[in-house]
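J.: In full-length UniProt numbering, the protein residues as written are 1 to 239. Even for Gly, the Cβ is constructed at its ideal location relative to N, Cα and C.
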């Protein structure tokens with residue numbers, strides 16, 4: 001009888017051992033077959049032209065190995081230039097941008113992928129850039145009564161505001177702000193218009209662009225009036 005119980009006990013121990021072996025063999029594979037999950041990230045604020053910028057994409061859970069890819073505005077981003085680099089580890093991917101410009105603006109996406117799925121997260125980079133000239137006004141020579149339009153355009157981020165000034169006749173070194181509600185200024189401030197020139201419009205003017213990012217820029221130009229605009233007249237004589 002005792003021999004019977006001993007045999008049964010040995011069988012039970014063997015069965016338990018087999019179950020434990022199965023558990024420790026297959027359970028880790030069941031538990032670790034999960035897709036990657038990315039921890040949310042974002043670029044720092046107040047990034048200016050010339051700054052060095054980096055952002056780290058971290059997988060907080062997921063079965064390894066994990067492959068990383070970066071995209072900019074939906075297109076794959078590769079660090080093939082000296083202006084950018086990507087540094088990967090088993091669970092992180094760091095995007096490093098050197099000396100950013102306004103062209104660095106965009107939506108950047110990190111995508112993590114393994115054999116069981118993928119995850120991705122996007123963040124926007126907005127680079128603040130000081131104003132730069134797109135089109136500067138030049139000196140104008142015209143005749144009285146003529147209609148003219150003078151353009152002054154600058155780029156930057158945020159988009160610069162344009163300001164027009166006219167130098168006072170009494171004090172050539174003291175420009176006077178032109179009222180932006182004046183009919184001479186277009187709605188976006190990029191053009192100064194004279195529907196019909198008069199001698200009072202002649203003088204020295206200044207156009208400046210400012211978006212709060214130093215340095216602001218400005219340029220001067222002159223408007224010179226010569227003579228008077230005449231229209232040809234035709235006379236019909238009857239004899």
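#1: Between the Cα of residue 49 and those of 128, 57, 75, 206, spot the shortest distance and give me the residue it belongs to.
#2: Could you have a look at residue 34 and say whether DSSP puts it in helix, strand or coil?
#3: Rounding to the nearest angstrom, what Cα-Cα distance links residue 87 and residue 41 in this structure?
#4: With 16 other CB atoms within 10 Å as the buried threshold, where does residue 67 fall?
#5: Would you kindly report the start and end of the unbroken beta strand (DSSP E) that includes residue 211?
#6: Pairing CB atoms from the stretch 139 to 156 with CB atoms from the stretch 52 to 60, are three or more of them under 8 angstroms?
#7: Could you tell me the alpha carbon to alpha carbon distance between residue 103 and residue 156, rounded to whole angstroms?
#8: Provide the residue span of the beta strand (DSSP E) that contains residue 94, from first to last.
#9: Could you check where the beta strand (DSSP E) with residue 68 kicks off and where it finishes?
#10: By Cβ distance below 7 angstroms, which residues in the same chain neighbour residue 198 in space, the five residues on each side in sequence not counted?
#11: Between residue 159 and the rest of its own chain, which residues show a CB-CB distance below 7 angstroms, the 5 nearest in sequence each way excluded?
#12: Give the DSSP-derived three-state secondary structure of residue 206 in the structure shown.
#13: Can you list, in chain order, the residues of its chain whose CB lies under 6 angstroms from that of residue 217, leaving out five sequence neighbours each side?
T.: Straight from the coordinates:
#1: The shortest CA-to-CA distance from residue 49 to any of 128, 57, 75, 206 is the one to 128.
#2: The three-state reading of DSSP puts residue 34 in coil, since its state is none of H, G, I, E or B.
#3: Distance from the CA atom of residue 87 to the CA atom of residue 41, rounded to whole angstroms, is 16 angstroms.
#4: Residue 67 is exposed by the Cβ-count criterion.
#5: No beta strand (DSSP E) contains residue 211, which DSSP labels as neither H nor E.
#6: Contact between the stretch 139 to 156 and the stretch 52 to 60 is absent, because fewer than three Cβ pairs lie under 8 angstroms.
#7: When only Cα atoms are considered, residue 103 and residue 156 end up about 11 angstroms apart.
#8: 92 to 97 is the span of the beta strand (DSSP E), which, as asked, contains residue 94.
#9: Start and end: 67 to 72.
#10: Same-chain partners within the cutoff: 144.
#11: Cβ within range, chain order: 211.
#12: Residue 206 falls in the strand class under three-state DSSP.
#13: Cβ within range, chain order: 131, 209.
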